[in-house]
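In the numbering used here, the protein residues as written are 39 to 126.
This report concerns only the one structure given below.
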């Protein structure tokens with residue numbers, strides 16, 4: 039689980055009946071109107087792990103180096119939450 043301001047991200051490892059594994063990435067945030075939690079999920083299968091990770095890293099690097107090179111990402115991370123991120 040990673041707490042990031044008003045959002046929480048969950049990384050769940052699931053298994054299939056055939057003893058295969060996949061990930062479920064979930065973003066959870068509290069809705070403005072009704073206070074209910076809104077969740078968005080991505081199912082990520084093993085055959086897509088490398089492509090997904092490569093695409094995500096490429097997009098993050100682009101934002102950090104081309105679009106917002108002066109932004110202090112470390113400062114924002116420290117100010118967000120005192121709870122260290124955990125992965126499952």
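We treat Cβ as the ideally placed atom computed from N, Cα and C, and that holds for glycine.
Under three-state DSSP, which class holds residue i?
i, result
"residue 109", "coil"
"residue 44", "coil"
Just to confirm before moving on: does the CB-CB distance between residue i and residue j stay below 8 Å?
i, j, result
"residue 84", "residue 60", "yes"
"residue 65", "residue 77", "yes"
"residue 39", "residue 48", "yes"
"residue 50", "residue 62", "yes"
Looking at the unbroken alpha helix (DSSP H) that takes in residue i, where does it start and where does it end?
i, result
"residue 96", "87–100"
I need the straight-line Cα distance from residue i to residue j, nearest angstrom please.
i, j, result
"residue 82", "residue 97", "17 Å"
"residue 54", "residue 91", "22 Å"
"residue 44", "residue 68", "7 Å"
"residue 87", "residue 57", "17 Å"
"residue 80", "residue 108", "30 Å"
"residue 70", "residue 94", "28 Å"
"residue 110", "residue 103", "12 Å"
"residue 113", "residue 106", "14 Å"
Just to confirm the assignment, what range does the beta strand (DSSP E) spanning residue i have?
i, result
"residue 81", "75–83"
"residue 64", "59–68"
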